[in-house]
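See below for the structure under consideration.
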């Protein structure tokens with residue numbers, strides 16, 4: 001109370017908010033991130049510019065200072081949502097950036113479409129990637145790694161995780177993350193460690209809120225930085241520029257949530273009609289439809 | 293000068309704020325719990341339980357493969373064959389034996405646990421998993 005009065009008085013007397021906070025202290029952030037200095041850093045892979053978005057923190061969002069590379073990732077996601085019809089977002093849908101770039105602690109940032117940050121939480125990742133610098137992006141069926149690239153949130157009813165305790169991550173760029181692997185967002189303790197087999201683990205206390213905020217049909221970008229892994233024969237969604245090659249679950253989610261209709265997989269997807277169709281793979285292991 | 297004005301203003305406002313803080317508190321208190329409890333119950337009933345959230349169970353009918361046996365904790369690591377990205381899934385030998393409905397008795401199964409790595413089963417019953425903390429605890433207890 002006393003601190004608030006002091007800060008209020010200082011502001012009344014003409015100090016700026018920053019000066020007032022420096023003089024009398026301010027509440028600590030909920031997310032303890034070492035990224036705060038990088039928010040003003042330069043983009044190291046300039047593609048599209050994030051300058052047109054506000055990135056303002058919404059009240060109670062606990063986003064802290066959004067790092068520059070996350071802002072850039074958001075701009076990429078926004079651009080992808082405009083170029084890939086399956087990633088087109090209807091009103092109220094959000095964009096989540098899962099920052100696995102190794103630049104700071106792995107964190108999920110939830111953004112409104114206008115770029116305002118609504119929430120940030122620490123996240124877990126697949127045990128297949130050691131936590132030494134940038135996480136390895138290469139991710140295949142049994143790799144136990146988190147699949148990189150763009151995903152659409154989708155309904156998942158698996159044998160362990162289902163719609164009450166998880167949110168599916170359906171690949172939009174050639175990754176068969178949900179259909180072939182069952183990769184989802186689910187609760188994990190502790191969050192912020194390498195302790196899943198590819199899923200994104202969030203704190204249990206935040207799971208319900210995140211599920212509610214994202215719902216079905218929001219865009220999730222598992223962002224691993226921009227380096228391409230030389231040892232990866234199938235980089236599953238890490239291509240630059242990203243392809244628009246959704247898996248059946250993503251097509252179904254796009255149709256259900258965002259009204260995107262398509263002839264692709266229509267009538268053949270287990271997510272839309274009950275019939276199961278396995279996607280054809282080329283002899284090299286790449287998705288035939290995705291190899292462009 | 294600015295700083296002194298700030299201090300003076302603070303003292304004036306704080307004496308007023310303290311008075312406001314102390315005055316009306318008494319009457320509001322008793323009514324609050326009666327109002328909030330039903331709302332809380334209602335909210336909780338819509339949310340999944342902690343056990344559901346933790347999802348320490350694989351539904352019956354799932355196809356699983358035993359991928360590893362850990363002698364330190366005496367536990368098995370399992371892969372849901374249709375969902376290899378879901379895990380870790382760890383179960384005790386007793387629970388695995390029960391849920392798979394193995395056609396050998398537990399003593400026989402127990403005598404050659406490592407041999408079962410690579411085996412596939414379809415679950416006859418829901419399989420209860422244990423958390424990584426419980427695995428650590430089991431390993432500690434067995435040392």
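Protein chains in written order, with our numbering: chain A, 1 to 292; chain B, 293 to 435.
Even glycine gets a Cβ: it sits at the ideal position worked out from N, Cα and C.
Everything numeric in this text was worked out from a predicted model, so none of it was measured.
* From A:192, A:188, A:247 and A:145, residue whose alpha carbon lies closest to that of residue 174 of chain A -> Nearest to residue 174 of chain A by alpha-carbon distance, out of A:192, A:188, A:247 and A:145, is A:247.
* Note the first and the last residue of the continuous alpha helix (DSSP H) segment covering residue 71 of chain A. => In the DSSP assignment, residue 71 of chain A falls within the alpha helix (DSSP H) that extends over 68-83.
* Chain-ordered residues of the stretch 375-386 of chain B with a beta carbon less than 8 Å from chain A -> Those residues of the stretch 375-386 of chain B placed with their C-beta closer than 8 Å to a C-beta in chain A are 375, 376, 377, 378, 379, 380 and 381, ordered along the chain.
* To do: Give a yes or no on whether the C-beta atoms belonging to residue 196 of chain A and residue 83 of chain A are separated by under 8 Å.
  => Result no, Cβ atoms of residue 196 of chain A and residue 83 of chain A do not sit closer than 8 Å.
* What does a CB cutoff of less than 7 Å around residue 406 of chain B pick up in its chain, not counting 5 residues either side in sequence? -> Taken in chain order, the residues that qualify are 361.
* Roughly how far, in whole angstroms, is the beta-carbon of residue 202 of chain A from the beta-carbon of residue 121 of chain A, given that I think they are within contact range, below 8 Å? -> Taking a contact as a CB-CB distance under 8 Å, the pair residue 202 of chain A and residue 121 of chain A counts as one, their CB atoms being some 5 Å apart.
* So what does DSSP say about residue 178 of chain A, is it helix, strand or coil? -> In the structure shown, residue 178 of chain A falls within a coil segment according to DSSP collapsed to helix, strand and coil.
* Asked: Quick one: what does DSSP say residue 357 of chain B is sitting in, helix, strand or coil?
  -> Taken through DSSP and simplified to helix, strand or coil, residue 357 of chain B comes out as strand.
* Measure the alpha-carbon distance for residue 210 of chain A versus residue 167 of chain A and round it to whole angstroms. => Taking the straight line joining both Cα atoms gives about 9 Å.
* Asked: From residue 260 of chain A to residue 73 of chain A, what distance separates their C-alpha atoms?
  -> When rounded, the distance between both Cα atoms is 24 Å.
* Does residue 349 of chain B come within less than 8 Å of chain A when only Cβ atoms are used? -> For residue 349 of chain B, the nearest CB of chain A lies under 8 Å from its own CB, placing it at the interface with that chain.
* **Meets three-Cβ-pair contact criterion under 8 Å: the stretch 215-225 of chain A and the stretch 152-165 of chain A** => Contact annotation: the stretch 215-225 of chain A touches the stretch 152-165 of chain A, with at least three C-beta pairs closer than 8 Å.
* Quick one: does residue 391 of chain B have its CB under 8 Å from some CB of chain A? -> It does not: the Cβ of residue 391 of chain B has no partner Cβ on chain A nearer than 8 Å.
* Start and end of the beta strand (DSSP E) containing residue 200 of chain A? -> Taken as a continuous stretch (DSSP letters only), the beta strand (DSSP E) holding residue 200 of chain A covers 200-202.
* Straight-line Cα distance separating residue 346 of chain B from residue 190 of chain A -> Looking at the two C-alpha atoms, the distance is approximately 12 Å.
* Between which two residues does the beta strand (DSSP E) carrying residue 186 of chain A extend? -> Here the beta strand (DSSP E) through residue 186 of chain A covers 184-187.
* **Minimum Cβ-Cβ distance from residue 151 of chain A to chain B less than 8 Å** => False, the Cβ-Cβ gap to chain B never drops below 8 Å.
* To do: Following the continuous alpha helix (DSSP H) through residue 293 of chain A, name the residue where it begins and the one where it ends.
  => In the structure displayed, chain A extends from 1 to 292; residue 293 of chain A sits before or after that span and is not available.
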